[in-house]
Amino acid sequence: MSAAAPLLRLRGVRKAFGASLVLDDVDLDVAEHSVVVLIGSSGSGKSTLLRCANLLEVVDDGVIELAGRDITDPRVDANAVRAQIGMVFQSFNLFPHLRVLDNVTLAPRLVHGVPRAQARDRAMAMLERVGLAGKARAFPDELSGGQQQRVAIARALACGPRLMLLDEVTSALDPELVGEVLDLLGELKNDGLTMVVATHEMGFARTVADEVCFLHNGRVHERGTPGQVLGAPEQPRTQEFLRRIT
Ligand code: ADP
Ligand code: MG
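What follows is the structure in structure tokens.
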């Protein structure tokens, strides 16, 4: 892999559910340490794209490469690929019966075989990173939604992913809690984390994205810098989408 090769690369990706084509010839490049934001109406294919990149869905056609390696090859060990990718969802999916710290140490210990003390140290460092070290012994339902989502992000980071996929991670939050999660993502970008973020938060896209991709009916209709796509969109569908949501 040359230094310039993207960390994640999609070429000609197609995915259908029955008769409905949900991803139609999608190309995407995500350079290491960059943030790509996916925008588009509900049903445009954002979640499916992220799920394909994490091998939670099998593509029908096309190629997905992670660090130059074709991960759509059926011989690839999907778990080994997923171990390099962190995914965070709209619904935080914390284990309610486990304390915050145990939520964060679980995957490193069970999936990656990290010894308990080491997993604990790393989890505490990640909780520190998301500003929640003081909540390590709390249960999820003792936290606000924004705090729970930050724990979910710490949990994903604890496995040391090369790439993070974030799917509308603020959509389930009360409006006053959205900012703390978006601010955290901005800080993680500054730390050099590579992220693909599906979101309806245009302010975030404008300030944090290196590239914005507008999806419509499973196709990338427009892509470019935030200034281009959000500030001066060329495609009528992008213009219409932005008019509707802003
Ligand atoms: P978005 O995240 O942009 O809202 P999705 O990727 O969730 O879009 O969905 C794109 C389209 O694929 C929608 O029409 C949705 O109904 C359909 N879809 C998603 N997942 C499935 C599935 N497992 N089975 C059938 N249809 C699905
Ligand atoms: Mg979605």
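Letter 55 of the sequence shown, counting from 1, is numbered 55 in UniProt numbering, and no numbers are missing.
Note that the Cβ used here is the ideal one computed from N, Cα and C, for glycine as well.
As the structure is a prediction and not an experimental result, all values here were calculated from the model.
Beta-carbon proximity list for residue i, same chain, < 7 Å, skipping 5 on both sides
{"i": "residue 149", "result": "92, 169, 173, 181"}
{"i": "residue 238", "result": "214, 221, 222, 229"}
{"i": "residue 15", "result": "22, 23, 48, 52, 57, 59, 60"}
{"i": "residue 161", "result": "84, 85, 86"}
{"i": "residue 55", "result": "71, 78, 81, 82"}
{"i": "residue 133", "result": "124, 127"}
{"i": "residue 233", "result": "222, 239, 242"}
{"i": "residue 1", "result": "Annotation note: pLDDT 47 at residue 1 (below 50); position unreliable, no value reported."}
Contact check, residue i vs residue j, beta carbons under 9 Å
{"i": "residue 188", "j": "residue 131", "result": "no"}
{"i": "residue 280", "j": "residue 85", "result": "Given that the chain is displayed from residue 1 to residue 246, the structure contains no residue 280 and the question cannot be resolved."}
{"i": "residue 194", "j": "residue 80", "result": "no"}
{"i": "residue 76", "j": "residue 208", "result": "no"}
{"i": "residue 109", "j": "residue 119", "result": "yes"}
{"i": "residue 127", "j": "residue 94", "result": "no"}
{"i": "residue 122", "j": "residue 152", "result": "no"}
{"i": "residue 211", "j": "residue 178", "result": "no"}
{"i": "residue 163", "j": "residue 197", "result": "no"}
{"i": "residue 26", "j": "residue 12", "result": "yes"}
Given residue i as reference, the closest of the options once Cα atoms are compared
{"i": "residue 124", "options": "104, 113, 141, 153", "result": "104"}
{"i": "residue 67", "options": "44, 98, 33", "result": "33"}
{"i": "residue 199", "options": "210, 171, 177", "result": "171"}
{"i": "residue 88", "options": "21, 8, 154, 52", "result": "154"}
{"i": "residue 69", "options": "10, 243, 127", "result": "10"}
{"i": "residue 167", "options": "204, 62, 90", "result": "90"}
Sheet register partners of residue i (DSSP bridge)
{"i": "residue 207", "result": "Answer is none; residue 207 lacks a bridge partner."}
{"i": "residue 213", "result": "38, 223"}
{"i": "residue 65", "result": "9, 70"}
{"i": "residue 20", "result": "17"}
{"i": "residue 197", "result": "37, 166"}
{"i": "residue 60", "result": "Its beta-bridge partners do not exist; DSSP assigns none."}
{"i": "residue 87", "result": "165"}
{"i": "residue 30", "result": "8"}
Residues of its chain near residue i, where Cβ-Cβ distance is below 8 Å and the 5 sequence neighbours each way are ignored
{"i": "residue 241", "result": "39, 40, 41, 214, 216"}
{"i": "residue 138", "result": "99, 100"}
Same chain, Cβ closer than 6 Å to residue i, neighbours up to 5 away in sequence not counted
{"i": "residue 45", "result": "22, 23, 215, 218"}
Kindly provide the ranges of any beta strand (DSSP E) runs that are 3 or more residues long and lie completely inside the stretch 101-175, ordered along the chain.
163-167
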